[in-house]
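In terms of UniProt numbering, the sequence shown opens at residue 1 and continues consecutively. Report on the structure given below.
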Amino acid sequence: MSDMTLQQALENGRLFVVDHHDWVMPYLKRINELPGEEEIGEISPRKAYAARTVLFLNNDSTLRPLAIELSSPNQDDQQLGSVSTVYTPPDTSDDILSAHKFTAWDLAKAHATANDTSKNNFVIHLLNVHATMEPLVIATNRQLSVLHPVRKLLKPHFRSTLHVNAVLRQNVFGSGDRRKNGDIFRGIQEVTYLPSKYAMEMSSKAYTNWNFTELALPADLIKRYVVWQKVIQKKPEKLELLIKDYPFAVDGLEIWMAIKKWVGDYCAIYYVNDGAVTSDSELQAWWREVKHVGHGDLQDAHWWPAMDCLADLVEACTTIIWRRRNTDPTLKNRAAPVEVPYNMLTPTRQPGPVARGIPNSITN
């Protein structure tokens, strides 16, 4: 960390933690007990870890990993906690000559990446973009007439959502042994990612902490501590990023503000004041179904917008459009190898890298 002490780094907001420990650890014993792919009569055992990564923000606004903690369940008694090992990058002349040091650090990074890609796929993407948006699509079709302005606003961003979700449930997850059913691509997500058959269970567990308002980009950045906490959440243009070289946040905030301005101007045509929002029976029925039926498990959560003013409507619609439009590859740019290594080899890949004019750099 150059000449900076640990305390100084903390006080100056230069240390970040990517923590997947608590999400992975409850399932880790079961994951590691699963048999591996059976090839030529041999079964390869699994060995996964729950990872925490500490990163330091360099002066050039790039992040540098300082340490990776890999944890596994205590074999004697899981109630005793986990067994953890901390790995650091080779940084001395002795380390440079040590193949073991380099190999251990590279493997630690691989395990941390496996944690991160799993969280991104099954929570940030599957849960936040597909599963939790489906009740919104259904409520929109049920409660808002085809001429309703909010339905017209949201419909383009709901394109193919229900169809894609149905395909996911039928072919991608929970499809049993892909070798026995003759389709090697069935259950492919459960084969290629760390959680394996427990992916849906882990995603469902993450839903208990789901928060609709935190799907908004400004709230998401604040929650993840990549902006100074002195900012006002309602004014994303006032956000001061801790990581200046963070294209998803830098470019994303510009797009977020453009979407919000457009949504605000659009809604203002039909809702001249807050009373117009509360008196719209279709709109209120739509929001009640979203809250009490679609997300009934969380209907008593304090964070739900009241939908009693124009500001709530604009924020909710902007959040929905942002989450659907800018985090679902079917609705934004088609990017292949820049998204996932070896993605060009998948049979579902479409031409890239950009089809809709949205920079790859905002992809989360």
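The C-beta atom is built at its ideal place from N, Cα and C for all residues, glycine as well.
{"Item": "Close-in-space but distant-in-sequence residues of the same chain around leucine 215 (CB under 7 angstroms, 5 per side omitted)", "Value": "Asn128, Thr319 and Arg323"}
{"Item": "Where threonine 88 falls: helix, strand or coil (DSSP)", "Value": "coil"}
{"Item": "Cα-Cα separation, tyrosine 198 to phenylalanine 212", "Value": "24 angstroms"}
{"Item": "Beta-bridge partners of aspartate 19, as assigned by DSSP", "Value": "Arg52"}
{"Item": "Inter-stretch contact (C-beta, 8 angstroms, three-pair minimum) for the stretch 82-93 and the stretch 141-153", "Value": "no"}
{"Item": "Cα-Cα separation between aspartate 3 and asparagine 58, rounded to whole angstroms", "Value": "12 angstroms"}
{"Item": "Within 8 angstroms, strictly: CB atoms of arginine 46 and isoleucine 31", "Value": "yes"}
{"Item": "Straight-line Cα distance separating lysine 109 from lysine 260", "Value": "38 angstroms"}
{"Item": "Exposure label - glutamine 189; buried when at least 16 CB within 10 Å", "Value": "buried"}
{"Item": "Pair within 8 angstroms by beta-carbon distance, asparagine 121 and histidine 20", "Value": "no"}
{"Item": "Cβ separation of residue 413 and leucine 242, assumed to be a contact under 8 angstroms, to the nearest whole Å", "Value": "The question about residue 413 has no answer here: the residues shown for the chain are numbered 1 through 364."}
{"Item": "Beta-carbon proximity list for leucine 107, same chain, < 7 angstroms, skipping 5 on both sides", "Value": "none"}
{"Item": "Under the three-state DSSP convention, the category tyrosine 342 falls into", "Value": "With a pLDDT of only 40 at tyrosine 342, under 50, the local geometry of the prediction cannot be trusted, and no value is derived from it."}
{"Item": "Test: tyrosine 266 CB closer than 8 angstroms to a CB of chain C", "Value": "Absence of chain C from the displayed structure is noted, only one protein chain being present."}
{"Item": "Own chain partners of cysteine 317 with C-beta closer than 8 angstroms, once the 5 adjacent residues on each side are dropped", "Value": "Val150, Leu153, Leu154, Val263 and Cys267"}
{"Item": "Nearest candidate by alpha-carbon position, reference tryptophan 256, set Tyr270, Val314, Val293 and Met200", "Value": "Val314"}
{"Item": "Between the CA atoms of tyrosine 27 and serine 72 - distance to the nearest angstrom", "Value": "10 angstroms"}
{"Item": "Per-residue DSSP class, three states only, for arginine 151", "Value": "helix"}
{"Item": "Close-in-space but distant-in-sequence residues of the same chain around glutamine 8 (CB under 6 angstroms, 5 per side omitted)", "Value": "none"}
{"Item": "Under the three-state DSSP convention, the category glutamate 134 falls into", "Value": "helix"}
{"Item": "Proximal residues to leucine 126 (C-beta, below 7 angstroms), its chain only, five neighbours per side dropped", "Value": "Ser203"}
{"Item": "Rounded separation between alanine 139 and proline 90 - CA only", "Value": "54 angstroms"}
{"Item": "Local conformation of valine 172 per DSSP, three classes", "Value": "helix"}
{"Item": "Distance, aspartate 308 Cα to asparagine 141 Cα", "Value": "21 angstroms"}
{"Item": "Cα-Cα separation between threonine 208 and glutamate 69, rounded to whole angstroms", "Value": "26 angstroms"}
{"Item": "Per DSSP, cross-strand counterpart(s) of serine 279", "Value": "In the DSSP output, where bridge partners are listed per residue, serine 279 has none listed."}
{"Item": "Under 8 angstroms between C-beta atoms of serine 196 and leucine 34", "Value": "yes"}
{"Item": "N- and C-terminal bounds of the alpha helix (DSSP H) containing proline 218", "Value": "217-223"}
{"Item": "Beta-carbon spacing of glycine 294, proline 65 below 8 angstroms", "Value": "no"}
{"Item": "Length of the line joining the Cα atoms of valine 54 and aspartate 245", "Value": "18 angstroms"}
{"Item": "Spatial neighbours of methionine 25 in its chain, beta-carbon cut-off 8 angstroms, leaving aside the 5 residues before and after", "Value": "Ala50, Ser71, Pro73 and Ser82"}
{"Item": "Classification of leucine 10 by the beta-carbon crowding that lies within 10 angstroms, buried from 16 upward", "Value": "exposed"}
{"Item": "Reduced DSSP category for valine 354 - H, G, I as helix; E, B as strand; rest coil", "Value": "Its pLDDT being 38, under 50, valine 354 is placed unreliably by the model, and nothing is read from it."}
{"Item": "For serine 203, the first and last residue of its enclosing alpha helix (DSSP H)", "Value": "199-207"}
{"Item": "Tyrosine 271, buried or exposed, once every other Cβ within 10 Å from all chains shown has been counted against 16", "Value": "buried"}
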